[in-house]
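See structure below.
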Amino acid sequence: MNIAILAGSNKQSSTSTKLCRYIARRLEERECEASLFDLYSRPVPLFSPDNRNPADVNLAALKETMLKADGIVLSTPDYHGSISGVLKNVIDHLGFDHFDGKVVLSVCSTGGAVGVSPLLQLQVMVRAVHGVNCPEWISIGGENRQFDAEGDPVSTHVQERTIRAIDYFLKLCRSLRS
């Protein structure tokens, strides 16, 4: 199974991106091909309705990754109770072809306890592009945003929660594929 992971932060040492890397490793352990698209290192141009398909190597690679995906992980930091601008920009560039009938797992990292507002907003956007929201989501906040030298969350609670969400996400992806 091919899973596209969009790390929607424009911060180099983003904890939401670190969580994406951890998720990618866990997916690979489950014999999935995890394609991590880090929007910090591979930015795409600002969306404009006047030019819906600008010539951009990162945007072309993103669209190809999304078309191949059987499932999608969308990750964002919590910026003032919402998703990051770079992730919203990418969703604006994408459409039904990239999301239709695919399960989407929403992920958030927040300075507070839980980033519920960005997760709810992601679910609204996923529905608008005909994606299927996974009932599970992952939110890390406060001290739970610490990672060790290997890139694993320090908190065993975060590790266990992430594994449970990934397993449910993959179960749903497999059921919709068959």
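Under full-length UniProt numbering, the first residue of the sequence shown carries the number 1, and numbering increases by one thereafter. Even for Gly, the Cβ is constructed at its ideal location relative to N, Cα and C.
Counting other Cβ atoms within 10 Å of its Cβ, Leu67 stays below 16 and is therefore classed as exposed. The residue from Ile3, Asn10, Tyr22, Ile5 with its alpha-carbon nearest to that of Gln159 is Tyr22. Counting only runs of 4 or more residues that sit fully inside the segment 147 to 173, no alpha helix (DSSP H) segment turns up. Per DSSP, Gly85 lies in no beta strand (DSSP E); the unbroken alpha helix (DSSP H) holding it starts and ends at 85 to 93. In the DSSP assignment, Cys32 falls outside any alpha helix (DSSP H) and carries neither an H nor an E. Excluding the 5 residues flanking it on each side, Pro45 has same chain C-beta neighbours closer than 8 Å at Pro54, Asp56, Leu59, in chain order. Check the Cα spacing between His98 and each of Ile83, Lys171, Leu74: the tightest is with Leu74. Within the UniProt domain "NADPH-dependent FMN reductase-like" (1 to 141), complete beta strand (DSSP E) segments of at least 3 residues are found at 2 to 7, 33 to 38, 71 to 77, 103 to 110, 132 to 141, given in chain order. Taken through DSSP and simplified to helix, strand or coil, Ser175 comes out as helix.
Between Met1 and Cys134, the C-beta gap is not smaller than 8 Å, which leaves the two residues out of contact.
The way I'd put it, the segment 93 to 107 does touch the segment 123 to 141; three or more beta-carbon pairs between them come closer than 8 Å. Taking a C-beta distance under 8 Å as the contact criterion, Ser9 and Ser84 qualify as a contact pair.
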